[in-house]
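Colleague: A single structure is presented below for examination.
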Amino acid sequence: MHSSDLHPLAESNQETARQWKMDSIIGRILQAGVLLSLAFVSIGLIWNHLAGPGAPLDEHFAGTNLFQIVAELFKHLARGPVQAGLLINLGIAVLMLTPYVCVLASAVYFGGVLKNWKYTLFSAIVFTVLSYWVFVR
Amino acid sequence: MASFDLIFPVAILAGFVGAMSGLGGGVVLIPALTLLGIDIKHAIAVSILAIMATSSGSASVYVRGHLSNLKVGTFLEMFTILGAPLGAAITLASSMRVLSITFGAILLGSWMALIFRGRRRWDESGQDGFTRWLEFDGRYEDRAQGEMVHYKARRAYLGGPAMFGAGFIAGLLGIGAGALNVLVQDLVMGLPPKVSTTTSSLTIGVTALAGTSVYLAAGLIRPMLAAPAILGVVLGAFLGTRLLVRLTNQAVRRFFLIILLILAVEMIAKGIRGA
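As you go down the protein sequences, you meet chains A and B in turn. The opening position of the first sequence corresponds to residue 488 in my numbering, with each subsequent residue numbered one higher. The opening position of the second sequence corresponds to residue 2 in my numbering, with each subsequent residue numbered one higher.
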């Protein structure tokens with residue numbers, strides 16, 4: 488077989504291998520985000536249930552955008568003991584951060600590993616627009 | 002306002018029926034929550050958040066299985082994340098009655114899309130220049146057939162703007178609009194059903210985040226409502242999906258589709274009555 492026959496095939500296989508690696512990374516981020524979020528929400532709900540009727544959950548979030556909520560969560564964590572409501576809010580924040588982090592990871596991988604500038608630009612656009620929305624108040 | 006003890010079982014049921022019917026948890030969760038006395042705007046806000054959990058959860062499996070196409074997903078997200086916040090903003094300004102009727106009508110439409118879905122053959126003729134530029138091709142392993150399937154998409158110039166509409170509906174009604182997503186990717190862009198279904202799970206999470214942000218800013222997302230709903234819908238969808246792979250009987254699926262039809266008519270009637 489001539490090297491010219493082999494080369495494009497080998498290159499396309501390498502490209503596919505890199506893309507499949509990206510699939511694995513994005514899939515793992517999604518999986519970790521959802522499981523972590525569900526774990527926080529579940530523990531928070533069970534804790535709240537065990538605490539009895541005298542421990543109502545928060546009616547509203549402390550903040551009107553994702554970053555305010557995350558900032559408030561860290562302030563609470565630094566200030567005092569963890570409470571059931573705090574865990575639930577943390578779970579919801581992690582859930583919202585999951586697709587956001589995925590888009591960021593896509594942009595980094597498209598640019599850093601695949602060197603696909605078209606899709607680096609596209610995912611950067613998605614990330615920028617999403618950032619705008621999650622900052623909306 | 003309804004308590005955890007009511008929301009949790011209702012959300013499990015919604016996730017279960019959503020998975021069994023193939024229309025997703027949101028379309029069942031919203032009418033079910035309104036039946037518990039929660040107003041439709043709060044129900045929509047909670048639902049769009051819960052959808053993020055179910056779609057990201059299933060996408061995690063599909064992406065790792067190399068079924069979802071990340072390039073197609075990224076391109077389409079550029080359109081859905083503009084549509085979803087616009088839809089959500091319109092919901093905030095709309096009356097409850099109009100929302101009920103619209104929800105019922107869209108549910109009816111998705112229902113019909115689902116019924117007519119399998120009646121079309123996917124063909125791979127003629128990829129246009131723009132879609133080729135977007136590198137919309139790929140391959141996946143069809144485990145049932147035991148072979149690699151190569152595919153090329155078409156008409157991305159129509160698919161993108163059409164997905165703005167799908168994102169708009171998702172943000173407006175707090176649903177994943179999976180049926181609409183799949184319809185665009187199947188019919189307009191000619192993607193194989195396996196790729197369109199799995200890619201839409203991926204885009205729904207991102208779309209839902211854009212819509213959720215608007216509801217969050219409006220103070221419509223309450224942790225005490227959202228937490229049991231998220232957990233319940235995920236649990237119900239998980240059970241439904243597990244059961245679905247064991248079922249070969251189409252009659253069971255038809256039964257759940259009839260439930261959805263009743264829910265759609267009920268929402269329209271509710272809107273007309275003004276309740």
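In this text, a Cβ means the ideal position worked out from N, Cα and C, and glycines have one as well. Note that this is a predicted model, so its numbers are computed, not measured.
#1: Please report whether the beta-carbon of A:S570 lies at a distance below 7 Å from any beta-carbon of chain B.
#2: Looking at chain A, is there any beta carbon in it that lies within less than 7 Å of the beta carbon of B:K153?
#3: Please name the residues in the stretch 516-527 of chain A whose beta-carbon is closer than 9 Å to at least one beta-carbon of chain D, in chain order.
#4: Quick check on B:S48 - is its C-beta less than 7 Å from some C-beta in chain A?
#5: Which residue spans inside the stretch 548-574 of chain A form an unbroken alpha helix (DSSP H) run of at least 4?
#6: Using a 10 Å radius around the Cβ and a threshold of 16 neighbouring Cβ atoms, would you call A:F622 buried or exposed?
#7: What span of residues does the alpha helix (DSSP H) with B:R133 cover, start to end?
#8: Is A:M488 helix, strand or coil by DSSP?
#9: Between B:L68, B:D6 and B:L24, which has its C-alpha nearest B:T199's C-alpha?
#10: Against chain A, with Cβ distances strictly below 7 Å, would B:M53 count as a contact?
#11: Does A:T615 come within less than 7 Å of chain B when only Cβ atoms are used?
#12: Here's the rule: buried if 16 or more other CB atoms are within 10 angstroms of the residue's CB, otherwise exposed. What is A:L525?
#13: Return the first residue and the last residue of the alpha helix (DSSP H) that B:D143 is part of.
#14: Which residues in chain B sit within 8 Å of A:W620, going by Cβ to Cβ distance?
#15: Alpha carbon to alpha carbon, what distance is there between B:I39 and A:G599?
#16: Could you name the residues of the same chain whose beta carbon sits closer than 8 Å to that of A:W507, not counting the 5 residues immediately before and after it, in chain order?
#17: At a Cβ cut of 9 Å, what residues of the stretch 69-81 of chain B count as close to chain A, listed as they run along the chain?
#18: Indicate the three-state DSSP secondary structure (helix, strand or coil) for A:L493 in the structure shown.
#19: Please confirm if B:I91 has its CB atom under 7 Å from at least one CB of chain A.
#20: Taking only three categories from DSSP, how would you classify A:V600?
#21: Which residues in the same chain as B:L50 place their Cβ atom closer than 7 Å to its Cβ, once the five residues preceding and following it in sequence are excluded?
#22: With a CB to CB cut of under 8 Å and the five nearest residues on each side skipped, what residues in its chain are close to A:H489?
#23: For a contact defined as C-beta to C-beta under 9 Å, what are the partners of A:V563 on chain B?
#24: Can you round the beta-carbon distance between B:I269 and B:G177 to whole angstroms, since I take them to be within the 8 Å contact cut?
#25: Based on the DSSP secondary-structure assignment, which residues constitute the bridge partners of B:V99?
#26: Using C-beta distances below 6 Å, list every residue in its chain close to A:F597, excluding the 5 sequence neighbours before and after it, in chain order.
#27: Tell me whether B:M225 is buried or exposed, calling it buried when 16 or more other Cβ atoms sit within 10 Å of its Cβ.
#28: Can you find a CB in chain B that lies within less than 7 Å of the CB of A:W604?
#29: For the beta strand (DSSP E) holding B:V150, just list the boundary residues, first then last.
#30: Rounded to a whole number of angstroms, what is the C-alpha to C-alpha distance between B:Q128 and A:P586?
#31: Given B:S61, which residues of its chain have a CB within under 6 Å of its CB, disregarding the five upstream and five downstream residues?
Modeller: Taking the coordinates as given:
#1: In the first sequence, counting from the first residue as 1, residue 570 of chain A sits at position 83. Note on identity: in this sequence residue 570 of chain A is Gln, with Ser being the wrong assignment. Taking Cβ atoms only, chain B never reaches closer than 7 Å to A:Q570, which makes this a no.
#2: Translated into positions along the second sequence, residue 153 of chain B becomes position 152. No, B:K153 lies away from the interface with chain A (no Cβ there is under 7 Å from its Cβ).
#3: Absence of chain D from the displayed structure is noted, the protein chains being A and B.
#4: Along the second sequence, one-based indexing puts residue 48 of chain B at 47. Not one chain A Cβ lies under 7 Å of B:S48.
#5: Scanning the stretch 548-574 of chain A for uninterrupted alpha helix (DSSP H) segments of 4 residues or longer gives 553-566, listed from N- to C-terminal end.
#6: For the purposes of this step, residue 622 of chain A is taken as the residue at position 135 of the first sequence. By the neighbour-count rule (16 or more Cβ atoms within 10 Å), A:F622 is not buried but exposed.
#7: For the purposes of this step, residue 133 of chain B is taken as residue 132 along the second sequence, with counting starting at 1. Unbroken alpha helix (DSSP H) run through B:R133: G130 to W134.
#8: Within the first sequence, residue 488 of chain A is the residue found at index 1, counting from 1. Confidence at A:M488 is low in this model, with a pLDDT of 42, below 50, so its placement is unreliable and no value can be given for it.
#9: Position 198 of the second sequence, counted from the first residue, corresponds to residue 199 of chain B. Distances from the CA of B:T199 to each of B:L68, B:D6 and B:L24 were compared; the closest alpha carbon is that of B:L68.
#10: On the second sequence, residue 53 of chain B is found 52 positions in, with the first residue counted as 1. Chain A has a Cβ within less than 7 Å of the Cβ of B:M53.
#11: By 1-based counting over the first sequence, the position of residue 615 of chain A is 128. Output row for A:T615: interface = no.
#12: Position 38 of the first sequence, counted from the start, is the residue given in the question as residue 525 of chain A. When all chains shown are included, A:L525 counts as buried.
#13: Mapped onto the second sequence, residue 143 of chain B falls at position 142. Looking at the DSSP string, B:D143 is not in any alpha helix (DSSP H); the run it does join, the beta strand (DSSP E), is D138 to D143.
#14: To locate residue 620 of chain A, count along the first sequence from 1; it is residue 133. Simply I82, P86, L210, A211, S214 and V215.
#15: On the first sequence, residue 599 of chain A is found 112 positions in, with the first residue counted as 1. On the second sequence, residue 39 of chain B is found 38 positions in, with the first residue counted as 1. Approximately 47 Å between the Cα atoms of the pair.
#16: Your numbering for residue 507 of chain A matches position 20 in the first sequence. Annotation for A:W507: no residue places its beta carbon closer than 8 Å to its own, counting only its chain and skipping 5 residues before and after.
#17: Of all residues in the stretch 69-81 of chain B, those with a C-beta nearer than 9 Å to a C-beta of chain A are S69, L71, K72, G74, T75, F76, E78 and M79, reading in chain order.
#18: Reading the first sequence from its first residue, position 6 is the one you call residue 493 of chain A. Confidence at A:L493 is low in this model, with a pLDDT of 47, below 50, so its placement is unreliable and no value can be given for it.
#19: Here residue 91 of chain B corresponds to residue number 90 of the second sequence, with the count starting at 1. Taking a beta-carbon distance threshold of 7 Å, B:I91 does not count as an interface residue toward chain A.
#20: Taking the first sequence and counting its residues from 1, one reaches residue 600 of chain A at position 113. Under the three-state reduction of DSSP, A:V600 is assigned to coil, being neither helix nor strand.
#21: If you number the second sequence from 1, residue 50 of chain B lands on position 49. The residues are T213, I222, A227 and I231.
#22: The sequence position of residue 489 of chain A within the first sequence is 2, counting from 1. Since pLDDT at A:H489 reaches only 45, below the 50 mark, its modelled position is unreliable, and the value read off the structure follows with that caveat. Excluding positions up to five away in sequence, the list is empty.
#23: Locating residue 563 of chain A in the first sequence gives position 76, counting from the first residue. The sequence given here places His at residue 563 of chain A; Val does not occur at that position. Ordered by position in chain B, no residue passes the 9 Å Cβ test against A:H563, which lies about 13 Å from the chain.
#24: Position 268 of the second sequence holds residue 269 of chain B. Position 176 of the second sequence holds residue 177 of chain B. That pair is no contact at about 21 Å.
#25: To locate residue 99 of chain B, count along the second sequence from 1; it is residue 98. Bridge partners of B:V99: none, in fact.
#26: To locate residue 597 of chain A, count along the first sequence from 1; it is residue 110. Same-chain partners within the cutoff: N603, Y606, T607 and S610.
#27: If you number the second sequence from 1, residue 225 of chain B lands on position 224. By the neighbour-count criterion, in which a residue is buried when 16 or more other Cβ atoms sit within 10 angstroms of its Cβ, B:M225 is buried.
#28: Counted from its first residue, the first sequence places residue 604 of chain A at position 117. So no, A:W604 is outside the interface.
#29: If you number the second sequence from 1, residue 150 of chain B lands on position 149. Segment E148 to K153, the beta strand (DSSP E) holding B:V150.
#30: Position 127 of the second sequence, counted from the first residue, corresponds to residue 128 of chain B. Position 99 of the first sequence, counted from the first residue, corresponds to residue 586 of chain A. Whole-angstrom Cα-Cα distance: 30 Å.
#31: On the second sequence, position 60 is the one that residue 61 of chain B refers to. Nothing listed; no residue qualifies.
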